[in-house]
Each structure stands twice: as structure tokens, then as C-alpha cells.
Amino acid sequence: MDKFEERQEVLKLLNAADPEVRLKNLKKLLSEEKQKPEVKPQFANNHIHTIYSFSPYSPTAAVYCARDEGLQTAGIMDHDTISGAEEFRRAGEIAGIGTTCGMECRASLAGTRMAGRKLNNPDQAGIAYMAIHSVPAAGFARLSEAFAPLREKRNIRNRAMVNNINALMEPYGITLDFDKDVLPISQYANGGSVTERHLLCALSEKVIAKAGKEKCADFVEKNLGITLSEKQKGQLSDPQNPHFVYDLLGVMKAELVEKIYIPATDECMPFADLVKLADEVGAILCYAYLGDVTSSVTGDKKAAKFEDDFLDELFEMLKEEGVRGVTYMPARNTKEQMTRLQGLCRKYGMTEISGEDVNSSRQSMICLQLEDPQFRHLVDATWKLIEREK
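Residue numbers (the working numbering): 1204 to 1593.
Pasting the structure below:
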């Protein structure tokens, strides 16, 4: 059995339906461990998604996998929910690694000087992705209360997007049912969110069932009109590819979202309200820097311009509105982009937080760029977040 197969057997235990069973299984696995993983203190990751938004990992499994790759810290970051944070924190205590808890959401820029601008949201202008980092346990209930009705509103839009998917896929005899195909692959019943990735994952499963793995690449190119790179063709023509669904999902997200997307409105909290809420729960609200994209590392974003042309003005707005930090992913940007961003963070007194957006089985928890002296302070910053949450 190779390393990947061993990981899959472990994940069956750590992705059990009941969180208490997951934690119990983690204790058992660690007690039976013959050799501890090599520790890599030069790395940290504060942006790990779990099954409570979209990911191959339960909160317990995410902690285990982070530790298995050598991390001494791990940070949870789910969309529109913090329901996995308590389990994540308990798993960290069992595994002996530091944890920091947060959640990601979209906020309306109406009423700010960035109103109507395209910032870090590839799908919609006037909306910004924001990260609520370093949430103390005492703030979990308040965030859950605030976002529960927004998840309900998001599902109204999700259902409408499923209708758009069905109109698009009707010629190929593919139909999605939101209640039967989408909700069951989410943790919505347990306080999780349903994202565009859930919709596209359900669609990917239907496409695979229709075309078969051997002919999936042909179906995507000939029927859906999507031009695949040679790398993507190879991935989607290999029936033994263990990441098949995630690779197809990445293609779908990059190419189909614009065809089925419905703008988010009521589910996006006003910017000022989000700033107030983050302060209320004792968290650090961060702007999630994307930066102009030339070649997407994860393959789910097209080359496009985002906030780089007016980054100085954006920082002025963030400072005015009371945002206290910026989170960024060094692997996604050029050294020039990172140097400029860090300079602005220091100019405006913004906390810098790093994290690589993990939501696929193909991704590593490790961001190799953190070995660069330019980013080493981000590991120290992570430990500070962990301490302040205590």
C-alpha cells in the first residue's frame, strides 16, 4: 500500500459521520503511531477548508493531515460558517499542534469608496472576499447566529444556479436535483455552507457517470466546448487518477461558473456590519488579497486583472473602514506583487496572515514559499494568533 492509499484508509476513519467518532479515531491512530512525522517549523497554513464548506477533510482529518505533512500549526477557514471550529480546536489539542480558527465570507462594498469595483471576487464586482481570522471560542456562537440566515439566503441562489446548470446540461441528458444531489454532499444539516464547488462537484459526478472516466476529457471538450490543456487532458483521461473528481471540478469552476452564476446580493453582509461583527467577537478581520492573475496555481481561475491597479486606494479604504489585517497566499503571486503588498501592510499597520487555500485532495498543506526570508515572519504571526485566541 503506497502513501496515498494509506492516507485514504486513514481518512475513512477521520471523516466518519459523527465528530465524536472522528476525534476518538484520531486518538486511536496517534496512540498506535510508530513514528512521528518530521516536524517542519518553517511552515504554517491558516486557510484550510473542511467539509463544512468544501474539502476532502473533516476538521479532525485536516488537523491530522497538516500534522502528517510536518506542520506544527493549522488554521481552519470555511465559507460562511465556523461550525467546524470547535472540533478543529479539539483535534489540535489531541494531536499536539496549535490551531487558529476563522471563517471566510463575502461582503458588499456598497457605501464604501470601493463600491462597484472588481476587487478579489472573480465572479462579481462590488463584492469582496473577507477573512475573519483568529476567532476566540467565545465568539463561535455569535458568528454562527449571524451567518445562519445568510446561508439560507445563499441556498435560494444555489437553487437558481442549479436551474441554470440543468438548462446548460439538458442536451446531454444530465440533470441535478439540489435536495438529492447537492445537499447530501454538504454539511448544511450540521451548520455547514453550500458553495459553488458543491454544485460543480455534483455536476462532475454526473458527467463522470454519463461519459465514463476514459472518455471524460472528450466529453468536456466536444460537448461542453471547453479547451483542455495537455495536463488537464491527461488527468481527465486517466481512470486511475485518484484526484479525478477534484480535477474535473477545477476545470468546471474555471470555465462554467460564468455561464451559471447568479449575482450574490442578500447573502452578502454590508461591509461596515462585518467590521462591527468581527470586532464584537474579538477577531481580526482581514482583506483577502488576490492580485492580478496570470496563471492560476490551482487551475480554477482564469487570467484576469483584479485589485492591483488601485491597491493604494484600496488600503486607504480598508483603513478608513476599520479593517485590521490582510491575508495572502505567497504561492499565488509574483515576488513583485508580494513585495508591494507587504510594503502597504506595513505602511497602514495591517496584520499580515498567510494561508494556502486547501480544498482539494491534490493540494499540499505546505506552502514552500514560506522558506523564503521574505515570508518567515508569517509563521511567527501564526503563533501570535494561536496565543491571542487562548
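Cβ atoms here follow ideal geometry from the backbone N, Cα and C, with glycine treated the same way. Quick caveat, the model's predicted, so the values are computed rather than measured.
From the options, pick the residue whose C-alpha is nearest to that of residue i; which is it?
{"i": "I1368", "options": "A1288, L1403, D1560 and K1425", "result": "L1403"}
{"i": "R1535", "options": "M1520, L1571 and S1564", "result": "L1571"}
{"i": "R1225", "options": "E1373, L1214 and A1457", "result": "L1214"}
{"i": "M1306", "options": "R1293, C1419, E1289 and K1239", "result": "E1289"}
{"i": "G1558", "options": "G1394, T1398, I1251 and Y1267", "result": "I1251"}
{"i": "V1460", "options": "M1280, E1399, I1411 and G1314", "result": "E1399"}
{"i": "N1249", "options": "K1593, V1582 and Q1211", "result": "V1582"}
{"i": "I1285", "options": "E1516, K1479, N1393 and L1229", "result": "N1393"}
{"i": "L1517", "options": "V1529, S1564 and K1479", "result": "V1529"}
{"i": "K1538", "options": "A1341, E1241, L1573 and G1415", "result": "L1573"}
{"i": "Y1260", "options": "S1564, G1314, A1584 and G1342", "result": "S1564"}
{"i": "L1431", "options": "E1458, Y1449 and D1575", "result": "E1458"}
{"i": "L1451", "options": "E1373, K1479, D1421 and A1467", "result": "D1421"}
{"i": "I1359", "options": "L1216, Q1238 and D1469", "result": "D1469"}
{"i": "F1207", "options": "K1593, E1592, Q1566 and R1591", "result": "Q1566"}
{"i": "M1372", "options": "P1325, L1427 and R1292", "result": "L1427"}
{"i": "A1344", "options": "E1355, G1287 and V1526", "result": "G1287"}
{"i": "D1595", "options": "Q1577, D1221, Y1531 and R1292", "result": "For the chain, the structure presents residues 1204 to 1593; residue 1595 sits outside this window and is missing."}
{"i": "R1293", "options": "V1242, N1228 and V1423", "result": "N1228"}
{"i": "E1355", "options": "K1321, V1397, L1346 and K1462", "result": "V1397"}
{"i": "P1374", "options": "Q1390, E1408, A1349 and K1413", "result": "K1413"}
{"i": "N1366", "options": "C1419, I1463, H1401 and R1320", "result": "I1463"}
{"i": "E1417", "options": "Y1391, K1409, G1437 and G1546", "result": "G1437"}
{"i": "V1266", "options": "E1235, S1407, K1230 and Q1238", "result": "K1230"}
{"i": "P1262", "options": "N1562, D1512 and Q1435", "result": "N1562"}
{"i": "I1556", "options": "K1409, Q1238, K1425 and A1584", "result": "A1584"}
{"i": "D1512", "options": "K1321, R1591 and E1433", "result": "K1321"}
{"i": "K1456", "options": "S1407, Q1540 and K1243", "result": "S1407"}
{"i": "A1219", "options": "Q1390, K1243, G1415 and Y1449", "result": "Q1390"}
Indicate whether residue i and residue j have their beta-carbon atoms separated by less than 9 angstroms.
{"i": "R1316", "j": "E1519", "result": "yes"}
{"i": "E1524", "j": "A1486", "result": "no"}
{"i": "A1247", "j": "Q1275", "result": "yes"}
{"i": "N1361", "j": "V1338", "result": "no"}
{"i": "Q1245", "j": "R1579", "result": "yes"}
{"i": "V1484", "j": "A1341", "result": "yes"}
{"i": "T1542", "j": "C1489", "result": "no"}
{"i": "F1447", "j": "I1388", "result": "no"}
{"i": "L1544", "j": "L1514", "result": "yes"}
{"i": "C1308", "j": "I1335", "result": "yes"}
{"i": "Y1255", "j": "G1395", "result": "yes"}
{"i": "A1264", "j": "L1217", "result": "yes"}
{"i": "R1357", "j": "D1283", "result": "yes"}
{"i": "L1480", "j": "L1346", "result": "yes"}
{"i": "A1526", "j": "V1478", "result": "Ala is not the amino acid found at residue 1526; the sequence shown has Val there. Yes."}
{"i": "A1313", "j": "F1291", "result": "no"}
{"i": "D1575", "j": "P1533", "result": "yes"}
{"i": "T1253", "j": "D1281", "result": "yes"}
Measure the beta-carbon distance from residue i to residue j and round it to whole angstroms, keeping in mind my assumption that it falls under 8 angstroms.
{"i": "M1472", "j": "S1311", "result": "7 angstroms"}
{"i": "T1303", "j": "I1569", "result": "In fact, because the Cβ distance is near 17 angstroms, the residues do not count as touching under 8 angstroms."}
{"i": "M1364", "j": "I1465", "result": "5 angstroms"}
{"i": "A1507", "j": "P1325", "result": "6 angstroms"}
{"i": "W1586", "j": "G1301", "result": "7 angstroms"}
### Query
Mind pulling the alpha helix (DSSP H) runs of 4 or more residues that sit fully within the stretch 1448-1493?
1474-1483
### Query
Using 8 angstroms as the threshold, is the stretch 1378-1385 in touch with the stretch 1490-1497, meaning 3 or more CB pairs across them?
no
### Query
Can at least three beta-carbon pairs, one atom from the stretch 1294-1302 and one from the stretch 1441-1461, be found at a separation below 8 angstroms?
no
### Query
Taking only runs of the alpha helix (DSSP H) that begin and end inside the stretch 1346-1434, which ones reach a length of at least 4 residues, in chain order?
1399-1414 and 1419-1425
### Message
Below 8 angstroms, how does it come out for the stretch 1328-1336 and the stretch 1262-1277: are there three or more Cβ pairs, yes or no?
### Response
no
### Task
Only counting runs of 3 or more residues, tell me where the beta strand (DSSP E) segments fall wholly within the stretch 1509-1544, in order along the chain.
1528-1531
### beta strand (DSSP E) segments (min. 3 residues) lying fully within the stretch 1253-1292
1276-1282
### Query
Mind pulling the beta strand (DSSP E) runs of 3 or more residues that sit fully within the stretch 1205-1252?
none
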